[in-house]
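See below for the structure under consideration.
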Amino acid sequence: MNVAELLDRQARDTPQALAIVEKHGGGRTTTFSELQERAAQGAALLLELGIRPNDGVLIVHPMQTQLYVALTAVLRIGAVAMFIDPSADTRILDACCALQQPVAYFSSPLGQLLRFRSRAVRAIELNICSGTVPGAIPWGRSLHMASSPSAFAVAPDGPALVTFTSGSTGVPKGAVRTHAVLLAQLEALRETMELQTGSVDLTTLPIVLLANLACGVTSVISDVDLRRPGRVDGAHAHEDAAACNVTSATASPAFFGRMLSCTGAAQTTLPSIRKIFCGGAPVFPRLLDELQNLAPHADPSAVYGSTEAEPIAHCRRSDITTADRKAMQNGAGLLAGMPVRAVRLRIIAEQSDQPISQLDEERFAQMTLPSPEAGEIVVSGDHVVPGYLAGRGDAETKFKVDTTVWHRTGDLGYLDASGRLWLLGRCGTRIDRDGQSLFPFCVETAVSDVPGVARSALVAVNGLTVLAVQPKVSDKDRLKGELQLRLGWARIDAIRFLHRIPVDRRHNAKIDYPALRRVLTK
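Counting from 1, position 293 in the sequence shown corresponds to residue 770 in this note's numbering; the numbering is continuous, with no gaps.
Below is the structure:
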């Protein structure tokens, strides 16, 4: 089945229902019928330009309605949508295009600037723009074209999306979602997030908006700059959520943090919201508590997953017991909750960066650690990406058990007696001293609910265990004393206060540990 057929189905079932509400520019609404028609016209344009099944189309565009029109048009004709982080440097851009040379480039007018930065992007033959830019083919041409016929038939293992990431090594690799994998991922999100036709969701996550479209959920895109979730206008996002009477909200911790910290939002609730899902970075209990105050009728949930496997586990605030909170305050790590039904999850002994050779079930069982031993989290399932473009990255992150492909998440964790997953941090971040192990999330989770701490990170620097703290109070001596009292069990050598702890560019919430070490060694 072609993923684009899901939109065709929604256009038939609920043609006049709103698919997307864009608050930018005074507010624009698009029904499922209009979205399907524009995508079908766009597919006709792509075919006229000579784009064929399995051709790559590089897409660089903000999270707007036009992005999903173009994406659906690409999928509709069996072509492959390629996504690269627009903040990536020229070297990464060129390397990604070298892995699979796109036949077309589609971008916003601002995205056209990448053609000046990257020789590889300039070399792409077809240049299409959602606006009007000299030298680019305007997408608006499609509005005067007859719709293409129904979505092309595709093989289940035919590529649908390629998402390029630089990974921890800085070497780009492309995660390939086939149509079958993408359909399974959308189904896993539907079940986990209880997506229902007629719901209204404020979302900042592109894959979630695609799942919303597949399930008949109206998506609201706030009038904020989603390229930097940690810097958005939280008051504006709050106003958009209230104006649209959203019934759910899905975003990263940084985005929700901005909503909570804005003037007025902390005192004004959003009673229409019944569900909140937070993911893309560690979600600590304190944030779930604050989100509960923001949306008193919701039961906020943390969702754990990755580009290659989304979702893996989720945890409702109501499922976190008093004993769980006490355990997290005393170094148990971060509770991620029960693995979702779609995933098979195991904990194996940490292997560093060494590839894992072909295994049979017996050998895999021997490698699997019992509860509650800590090790690397590995997953498999229909919604788990089975490989990367050209195989680059497969050896380090994939292995086979008989014929089943398993993905190494690169995260450390363990399963408790109830089968719930607890997170400890990234592989390679374990600090071993005097026969004892200390994991970053054990300390960072314990610190997360200390008043006055905005963010914290645990690293080893020159043989010392150092806790970096980004404070939000001026009395650092008092805060340091409270932290030392709270962390007596952790044997921290030093506490360093920083104005800002480095975080990732995409979600503005994951700790950039290599960058932090560079700061602390200066």
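Glycine included, each C-beta is placed from N, C-alpha and C at the ideal position. Since the structure is predicted, the reported quantities are computational estimates derived from the model, not experimental observations.
Roughly how far, in whole angstroms, is the beta-carbon of residue i from the beta-carbon of residue j, given that I think they are within contact range, below 8 Å?
i, j, result
"Asp485", "Gln513", "6 Å"
"Val639", "Met540", "Not a contact, Cβ separation roughly 18 Å."
"Ala772", "Thr746", "7 Å"
"Thr549", "Thr507", "Actually they do not touch by this definition, with Cβ atoms about 12 Å apart."
Residue range of the beta strand (DSSP E) that residue i falls in?
i, result
"Ile684", "Note, Ile684: premise wrong, no beta strand (DSSP E); alpha helix (DSSP H) at Pro683 to Cys692."
"Leu638", "Pro636 to Thr642"
"Arg907", "Where Arg907 is concerned, there is no enclosing beta strand (DSSP E), given that its DSSP letter is neither H nor E."
"Val943", "Leu941 to Pro948"
"Phe916", "Looking at the DSSP string, Phe916 is not in any beta strand (DSSP E), and its letter there is neither H nor E."
"Arg932", "Val930 to Val938"
"Met559", "Val557 to Phe560"
"Ala971", "Ala971 to Phe974"
"Ala804", "Not the beta strand (DSSP E): Ala804 falls in the alpha helix (DSSP H), residues Thr799 to Gln806."
"Ile988", "First-last for Ile988: undefined, no H or E at that position."
"Val697", "Thr695 to Ile698"
May I ask you to report which of helix, strand or coil DSSP gives residue i?
i, result
"Asp888", "strand"
"Asp954", "helix"
"Ile569", "helix"
"Val980", "strand"
"Cys792", "strand"
"His922", "Note that residue 922 is Thr in the sequence shown, not His. Helix at Thr922."
"Val723", "coil"
"Gly675", "coil"
"Thr998", "coil"
"Leu535", "strand"
"Ala581", "strand"
"Gly503", "helix"
"Leu901", "strand"
Does the distance from the C-beta atom of residue i to that of residue j stay below 8 Å?
i, j, result
"Thr845", "Arg818", "no"
"Val936", "Leu997", "yes"
"Val653", "Asp678", "no"
"Arg983", "Ala945", "no"
"Phe733", "Leu682", "no"
"Ala931", "Gln947", "yes"
"Leu892", "Pro849", "yes"
"Trp899", "Ala813", "yes"
"Thr942", "Gly810", "no"
"Ala628", "Thr655", "no"
"Ala556", "Asp571", "no"
"Gly711", "Cys755", "no"
"Asp926", "Pro762", "yes"
"Gly757", "Ser729", "yes"
"Val598", "Leu591", "yes"
"Leu866", "Lys650", "yes"
"Val878", "Ala786", "no"
"Ser585", "Ala517", "no"
Considering just the uninterrupted stretch of the alpha helix (DSSP H) at residue i, what are its terminal residues?
i, result
"Asp485", "Ala481 to Asp490"
"Leu524", "Phe509 to Glu525"
"Val498", "Where Val498 is concerned, there is no enclosing alpha helix (DSSP H), although the beta strand (DSSP E) it sits in stretches over Leu495 to Glu499."
"Thr542", "Thr542 to Arg553"
Against chain C, with Cβ distances strictly below 8 Å, would residue i count as a contact?
i, result
"His860", "Of the protein chains in this structure there is only one, and it is not chain C."
Practice task
Give, in chain order, every unbroken run of the alpha helix (DSSP H) that is at least 4 residues long and sits entirely within the region 728 to 789.
Solution key: 730 to 738 and 762 to 771
Exercise for the section: Please go through the region 591 to 673 and give each complete beta strand (DSSP E) segment of 3 or more residues, from N-terminal end onward. Expected result: 603 to 606, 636 to 642 and 650 to 655
Handout entry: Secondary structure, beta strand (DSSP E): runs of 3+ residues fully inside the region 811 to 897
Key = 811 to 816, 821 to 825, 852 to 857, 875 to 878 and 881 to 892
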